[in-house]
Structure formats: structure tokens, C-alpha cells
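In the working numbering, the protein residues as written are 1 to 318.
Cβ atoms here follow ideal geometry from the backbone N, Cα and C, with glycine treated the same way.
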């Protein structure tokens, strides 16, 4: 679709920014689906970690593809995305991960449309994140967790939602999240050094600055993981480290209640749908997640060797 054909409103330019590591078939499918979008994408900016894993010939001929290489030891969740943003001049920047595949051709169109929404007091939407649907091979418990974190109903979130929603007010995910570039620059982007949660920390900042965050349920990507118990432990350890490092965002807004609510709801769904035999697995994996979270919150009390054993991001600690 040509730009002038999209709507009579002012056309907003869009770039997509994707940190990539060891690209596979999902990444190829992601690029293919971006080429089918009803709303045009100006540039696809790739921040590739480790040049040796990138196949120039395999991705040649893709319109707007710009590739920048990052050494593995230089990668950071915040700094690398900020570098990607520095190559963009678009009105809207959509950050994605290399394994999040658009579910249809309307992803970009619906993310852009989300910025037309306003908060209850006219708050401008600073970022809009999409709904993550489970892949075909997604296991039952993870599938239910996806349903919990990414419901069918869209929502605009502002500071007034903190009492009701707690930590979920700040929830956003860079697996698929669009940002107004002018506000992004005004807020000085993501933190340059963060082990995890750069998206939620940014969302908290814009909400405190009087903006809104939009969950656009109709903007959908296929994105899920079948993590081992060890991977879940390490992910929650890193998540808690990010919270411990940023009390200005997370202090006084505990995450535990939301986690307990998700476990209870998942257990009820398993019972209701005849998967009672998965309850022990849910309890065990949830316990490992919580242990990782507890250790991560107290990581400063742990010896360095234990921290390195618990984390999934060794480069961060270097």
C-alpha cells in the first residue's frame, strides 16, 4: 500500500529496530511478514550481535534493511537499543525481538493507530505494546501465562491505575513495542546499562512524566518460549536485579502479588480444562521462579561466583 493511500490523516513514518543474535527461521519469517504490512515501514534497522552469525547473502534484497554489528561483550539491553534508535529519523520506532513474528499484515497499522488514543485526562500515548500469542509448540502452562499477561482487551494505562493495577501499570515488552520518537528523545531513551526490564523502566518514566502507555491487543505477534526450570530461575533473577537497581521505579510496588495471582489463575484454568496433572509442574516451576526472584532482589549480599551462577547475562557483570 502506498503511503498516501493509508489515510487522510498526517502520515507518520515508521522504522523497525531489531536486536538480533544467531538469526534463524523465525527471524526470516519476521522479515517476510514485515514486508507484507499494510502500513509502510521505512527502515528495518538490525543491531546484530556477533558479525560471524550474520549471512549477508541470505538477507540481501530486503527493502530498507540496514545492518549494524555489535560485539557480544558490548551488547546491553538498553544501550544497544539506544544505538539502534540513533539511526532512525522516523516518527514512530517499533522495537521487536528477532523471534517475535507478526501474526498478520496489520501489526504496524494497529500500533500506529494506538497513538491516536488518549488517557482519561487527555494524556498522550508515549508507547504502545502489542499482544503476544503463543506459538504452536507452546506448552500448556506457558500458554496460560501468555493469556494472563496479554489479554484480549486493549487498555490505556496512566499513573491513576497504580492503585488498581500495581506493577502491571508499568508493564510493557520490547518483543513488540512502538515508541513516539520525539518523546523517546525527550525522555533520553532507555537506560544505557540495564540487565533487563529496560522497557518497563522507560514505561514507568513516561507515566510519571504524565504520559500514557497503551496495550494494543489487536496488534499481535507470535512469541513464546518453552523455558526450562533453570532458564526461568535465571530470567527471574535478572528481573529482580533490575528492580533492586532501580528502587526509584519499583520500591513500594511489589511484584509478588501479581505473580501469585497469575499462579492461582493458571491453576484454576488447568483444573477447569482437565490438566490437573500439570499442577505439580506449575508449583515447582513457580517455586523456582520465586527463588530466583528472591535471590535477585538480594544479589548484593551474594558472593560474585553465586551471582554469575544465577544470571543469564554474564556480560552484564563484566
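Cβ neighbours of residue 157 within its own chain (closer than 6 Å, five residues either side excluded): 169, 213.
Within the same chain, and ignoring the five residues on either side of residue 45 in sequence, the residues whose Cβ sits closer than 8 Å to its Cβ are 15, 16, 17, 18, 66, 68, 84, 87, 88. Ranked by Cα distance from residue 90, the first of 13, 139, 131, 119 is 13.
Within the same chain, Cβ atoms closer than 6 Å to the Cβ of residue 296 are found at 237, 240, 241, the five residues on either side in sequence being excluded. Under the three-state reduction of DSSP output, residue 130 falls in the strand class. For residue 39, no beta strand (DSSP E) segment is defined, and its DSSP state is neither H nor E.
With respect to residue 148, residue 47 sits apart: the two C-beta atoms are not nearer than 8 Å. Beyond the five residues adjoining it in sequence on each side, residue 227 comes within less than 8 Å, by CB distance, of 142, 235 in the same chain, given in chain order. Residue 198 counts as buried, since no fewer than 16 other beta carbons sit within 10 angstroms of its beta carbon. By the Cβ neighbour-count rule, residue 184 is buried, with 16 or more other Cβ atoms within 10 Å of its own.
Every beta strand (DSSP E) stretch that sits fully inside the segment 138-193 and reaches 3 residues is listed by chain position as 155-157, 176-180. If you look at residue 80, you'll find it isn't in any beta strand (DSSP E); it sits in the alpha helix (DSSP H) that goes 79-86. The straight-line gap separating the alpha-carbon atoms of residue 276 and residue 311 is approximately 32 Å.
The alpha-carbon of residue 140 is positioned some 43 Å away from that of residue 10. Using a Cβ distance threshold of 8 Å, residue 39 and residue 101 do not count as a contacting pair. In the three-state reduction of the DSSP assignment, residue 238 falls in the helix class. Rounded to the nearest whole angstrom, the C-alpha separation of residue 51 and residue 73 is 12 Å. Between the alpha carbons of residue 144 and residue 152 lies a gap of roughly 13 Å. Per DSSP, residue 216 is one residue of the beta strand (DSSP E) stretching across 212-222. Pairing residue 267 with residue 114 gives a Cβ-Cβ distance that is not under 8 Å. Under the 8 Å Cβ criterion, the segment 175-194 does not count as touching the segment 301-315, having fewer than three qualifying pairs. In this structure, 131 is the residue among 146, 131, 163, 138 with its C-alpha nearest to the C-alpha of residue 155.
Non-local C-beta neighbours of residue 202 in its own chain, meaning closer than 6 Å and more than five positions away in sequence, comprise 190, ordered along the chain. A residue is called buried once 16 or more other Cβ atoms fall within 10 Å of its Cβ, and residue 280, having fewer, is exposed.
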